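Sequences listed follow chains L and S, in order. So in the working numbering the end of the first sequence lands on 272, straight run, no missing numbers. So in the working numbering the end of the second sequence lands on 1358, straight run, no missing numbers. Cβ coordinates follow ideal geometry from the N, Cα and C atoms, glycine included. Model, not experiment: these values are computed from the prediction. Presented below is the structure to which this report refers.
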Amino acid sequence: MNAPILSVRNISKQFGGIRAVNNVSFDVRKGEILGLIGPNGSGKSTLFNCILGQLKPTEGHCEINGKSTDGVRPADLSLMGVGRTFQQLSVFPKMSVLDNVILAGQEHEGTMLSRLFGKSDAGLTDKAKQLIEFFRLTPYLDTEAGSLSYGQQKLVDAAMAFMAGPGIVLLDEPAGGVNLTMLAHLKDRLMTYNRDHGTTFVVIEHNMEFVMSLCTRIIVLAQGEIIAEGSPDEIRSNQMVIDAYLGG
Amino acid sequence: MAELIQILVSGLAAGSIYALAAVGFTLLWQASQTINFAQGEFVMLPAFFVLVGVHFLGLPLWPAIFFGLLLSLLILGVAFKRLIVEPMLPHGTLPLVIATIALGLLLKESVKEFYGATAQPFPAIFPQTVYNVMGASVSLQDICNLAVSMLAIGGLQLFLSRTRTGRCMQASAQNPAVAEILGVNVKRMVLYTFLINAALATIASVLISPIYLAKFSNGETLGLVAFIAAIVGGFNQIRGALVGGLLIGVIDNLSAVYISAEYRAAMPLLLLIAIILLRPQGLLGTKEGRSV
């Protein structure tokens, strides 16, 4: 079995008297698509933010490819090979789709001088166009991102997350607010990318159908703790999960 | 016809200088939600920096202009951001607006104290030649002022849309939290915006002062007209500020000749009222929502 690309080690997060995440540990291996599910208040968003360095865990730590993320700024996580999408749309609405995708990669290229005087696209136009084509957004290349539909903006978001060539991408509710057609398209693109590039995904999602059909492994959180872990089929048939989360 | 040409050219020349100041308004608003009511004084002050260079340091004109630019970048760019905007912004837009009004008064009164209340002659940077175009007297100075302003605004637009730093500045203005996560140094981009505003104010100052002379009170009218130009054109668009500035310049000159010289100052205000009633986002501006 290959070494974990992401290791979550005994993460706990306390807010005053509330323990939002309690001693959670798991590994994610290269090429996996891991789903992180749980009802509202289960601690999955808190855990996600701890992994991404936006919240400092009360206890525990995370490692990306064996390197601790302690003290790493969210901006520097992509240098460690981590891409992410946001629960809310994160496109720059008045910039073209192409500029949005180039921007997602350009700050990790070159020096301060080359940023001021070097090529305006940092040599990233071809790569950005390939990603835009991959997500079938080429007709909107020069369109202002803010004028696209919500689902299309989610695709731009995804393209931006892949721009820096990450080994692992954390997707925060990618299906939220996206219509069924666009959702199927998004799922297809994520699975194809995973298959072709071996990129690892960690997905937080409320949409059970989406998670069950996309992920290879699922972790279920409740009250800040892991209550179940396994393949989609195992999770589907787990009575505790059914009772607690699927209303069975 | 000759008179109309003359009015249009001088109106566009004056309007292009208003546009420089108006663009500064829109830049600061987009980058940091700063409405700088000292913007008029920001245009008034660099002329005095240049005069200090010429009269007190004995510098020739162009080195004095460079000296004025450096001082402007330092005082109207870096110091303004660090000492006023950054401490005040967390308290909301209104306290910052009040602080900029106070800053405007401070700058105005300081210049009056230091340099006197009388208007100071400012050396012309372009020849005073006047050409006859289809019977109209067109001054080379007006043409040059228009050209320099257009070049400055066009260059800025190109910088913002065609360079990596410009793209980062746009991103920082549109979604600073995400820009930060993508590795953009948002604080630095905001600083660049303040520096650009200071540079635009210096250009406007050097262009307008040979015509109106350098006077401590110049900022009163300039600031108001530039603010109106930014709103008329669209507060969230550089090209809007440009169009607003040119429009105000032309309307101001046309109304002085064809309506009433006494009421010329009222015309931009009437235009402002009409725009706010009919198209609050401005002629070229886009509607914008903000969560509070």
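Thinking C-alpha only, which one of the options is nearest residue i?
{"i": "L:T223", "options": "L:A185, L:I242, L:V202", "result": "L:A185"}
{"i": "S:A1168", "options": "S:A1327, S:V1291, S:E1286, S:L1312", "result": "S:E1286"}
{"i": "L:T162", "options": "L:V125, L:P117, L:T135, L:A188", "result": "L:V125"}
{"i": "L:L76", "options": "L:E87, L:P98, L:D123, L:L207", "result": "L:P98"}
{"i": "L:K143", "options": "S:P1129, S:L1149, S:R1228", "result": "S:R1228"}
{"i": "L:C86", "options": "L:N26, L:G59, L:N47", "result": "L:N47"}
{"i": "S:F1188", "options": "S:V1116, S:G1300, S:L1172", "result": "S:V1116"}
{"i": "L:L58", "options": "L:F72, L:S66, L:V45", "result": "L:F72"}
{"i": "L:V227", "options": "L:G41, L:G200, L:G40", "result": "L:G200"}
{"i": "S:G1081", "options": "S:L1273, S:K1353, S:T1159, S:H1157", "result": "S:L1273"}
{"i": "L:F116", "options": "L:Q177, L:H221, L:Q263", "result": "L:Q177"}
{"i": "L:M232", "options": "L:A252, L:L210, L:A246, L:I259", "result": "L:I259"}
{"i": "S:Q1096", "options": "S:A1202, S:L1338, S:G1300", "result": "S:G1300"}
{"i": "S:S1138", "options": "S:A1280, S:K1353, S:L1261, S:A1327", "result": "S:L1261"}
{"i": "S:I1150", "options": "S:F1103, S:T1231, S:Q1223, S:S1215", "result": "S:F1103"}
{"i": "L:E131", "options": "S:L1288, S:A1292, S:G1351, S:E1246", "result": "S:E1246"}
{"i": "S:K1174", "options": "S:L1336, S:Q1240, S:F1192, S:L1288", "result": "S:L1288"}
Which same chain residues, not among the five before or five after residue i, have their C-beta less than 8 Å away from its C-beta?
{"i": "L:K80", "result": "C74"}
{"i": "L:M104", "result": "I88, N89, K91, T93, V96"}
{"i": "S:M1200", "result": "M1067, A1068, I1071"}
{"i": "S:V1250", "result": "C1234, A1237, S1238"}
{"i": "L:R53", "result": "M25, N26, A27, P28, I29, T224"}
{"i": "S:L1155", "result": "S1098, Q1099, T1100, L1162"}
Using the beta-carbon count (16 or more within 10 Å), is residue i buried or exposed?
{"i": "S:I1342", "result": "exposed"}
{"i": "S:I1164", "result": "exposed"}
{"i": "L:E197", "result": "buried"}
{"i": "S:Q1194", "result": "exposed"}
{"i": "S:V1334", "result": "For the sequence presented, residue 1334 of chain S should be read as Pro rather than Val. With 16 or more Cβ atoms within 10 Å of its Cβ, S:P1334 is classed as buried."}
{"i": "S:A1213", "result": "exposed"}
{"i": "L:I192", "result": "buried"}
{"i": "L:S138", "result": "exposed"}
{"i": "L:S49", "result": "exposed"}
{"i": "S:G1039", "result": "Residue 1039 of chain S cannot be examined here, being either before or after the span of chain S that is shown, 1067 to 1358."}
{"i": "L:G272", "result": "Residue placement at L:G272 cannot be trusted, given a pLDDT of 45 that sits under 50; what the coordinates show is reported in the next sentence. The residue in question, L:G272, is exposed, as its Cβ has fewer than 16 Cβ neighbours within 10 Å."}
{"i": "S:Y1324", "result": "exposed"}
{"i": "S:V1358", "result": "Note that S:V1358 scores 47 on pLDDT, short of 50, meaning its location in the model is unreliable; the coordinates nonetheless yield the value given after this. That one is exposed."}
{"i": "S:N1198", "result": "exposed"}
{"i": "S:A1130", "result": "buried"}
{"i": "S:E1328", "result": "exposed"}
{"i": "S:I1339", "result": "exposed"}
Excluding the five sequence neighbours on either side, which residues of its own chain have a C-beta within less than 7 Å of the C-beta of residue i, listed in chain order?
{"i": "S:Y1278", "result": "N1284"}
{"i": "L:L204", "result": "none"}
{"i": "L:P256", "result": "M236, C239, I242"}
{"i": "L:T109", "result": "D181, A182, A185, L195, D196, P198"}
{"i": "S:F1122", "result": "none"}
{"i": "S:R1373", "result": "Residue 1373 of chain S falls outside the range modelled here, since chain S spans only 1067 to 1358, and no answer is possible."}
{"i": "L:S31", "result": "D51, C86, E87"}
{"i": "L:D145", "result": "I126"}
{"i": "L:N34", "result": "N47, S49, E83, G84"}
{"i": "S:A1296", "result": "A1088, F1091, T1092, A1307, G1310"}
{"i": "L:S36", "result": "R43, V45, N46, N47, P81, T82, E83, G84"}
{"i": "L:L155", "result": "V125, A183, F186, M187"}
Within a Cβ cutoff of 6 Å, which residues of the same chain sit near residue i, ignoring the five residues on either side of it in sequence?
{"i": "L:F159", "result": "L179, A183, R213"}
{"i": "L:Q78", "result": "P98"}
{"i": "S:N1263", "result": "G1090, L1093, L1094"}
{"i": "L:M187", "result": "V125, A128, G129"}
{"i": "S:V1244", "result": "none"}
Could you tell me whether any Cβ in chain B is nearer than 9 Å to the Cβ of residue i?
{"i": "L:E131", "result": "Of the protein chains in this structure, namely L and S, none is chain B."}
Interface positions of the stretch 1189-1204 of chain S facing chain L (Cβ-Cβ less than 7 Å), listed along the chain
none
State whether the stretch 1258-1276 of chain S contacts the stretch 1099-1112 of chain S, with contact taken as three or more CB pairs (one from each stretch) at a distance under 8 Å.
At 8 Å Cβ cutoff, the stretches touch.
Chain L contacts made by the stretch 1232-1266 of chain S, where a contact means CB separation under 9 Å
G1232, R1233, C1234, Q1236, A1237, A1239, Q1240, N1241, A1243, V1244, A1245, E1246, I1247, L1248, G1249, V1250, N1251
Scan the stretch 1075-1094 of chain S for residues whose Cβ lies nearer than 8 Å to a Cβ of chain L and list them as they occur along the chain.
none
Pairs of beta-carbons, one from the stretch 1069-1078 of chain S and one from the stretch 97-112 of chain L, closer than 8 Å: are there three or more?
no
Quick test of the definition: if touching needs 3 or more C-beta pairs under 8 Å, does the stretch 1235-1248 of chain S touch the stretch 1183-1194 of chain S?
no
Taking beta-carbon pairs under 9 Å, can you tell me which members of the stretch 228-247 of chain L lie near chain S?
none
Three or more C-beta pairs under 8 Å: does that hold for the stretch 1192-1208 of chain S against the stretch 1286-1305 of chain S?
no
Three Cβ pairs or more, each shorter than 8 Å: is that satisfied between the stretch 1127-1146 of chain S and the stretch 1249-1264 of chain S?
yes
Could you run through the stretch 92-111 of chain L and flag, in chain order, every residue whose CB is less than 9 Å away from some CB of chain S?
R97, P98, A99, D100, L101, S102, L103, R108, F110
Taking only beta carbons into account, state which residues of the stretch 1097-1112 of chain S come closer than 7 Å to chain L, listed in chain order.
Within the stretch 1097-1112 of chain S, no residue qualifies.
Give me the subset of the stretch 1137-1165 of chain S whose CB atoms are less than 9 Å from a CB atom of chain L, sorted by chain position.
none
Chain-ordered residues of the stretch 1296-1315 of chain S with a beta carbon less than 7 Å from chain L
Taking 7 Å as the Cβ-Cβ cut-off against chain L, none of the residues of the stretch 1296-1315 of chain S qualify.
Of all the residues that make up the stretch 115-127 of chain L, which are near chain S by a beta-carbon distance shorter than 9 Å?
Within the stretch 115-127 of chain L, the residues whose Cβ lies closer than 9 Å to any Cβ of chain S are, in chain order, V115, F116, P117, K118, M119, D123, N124, I126, L127.
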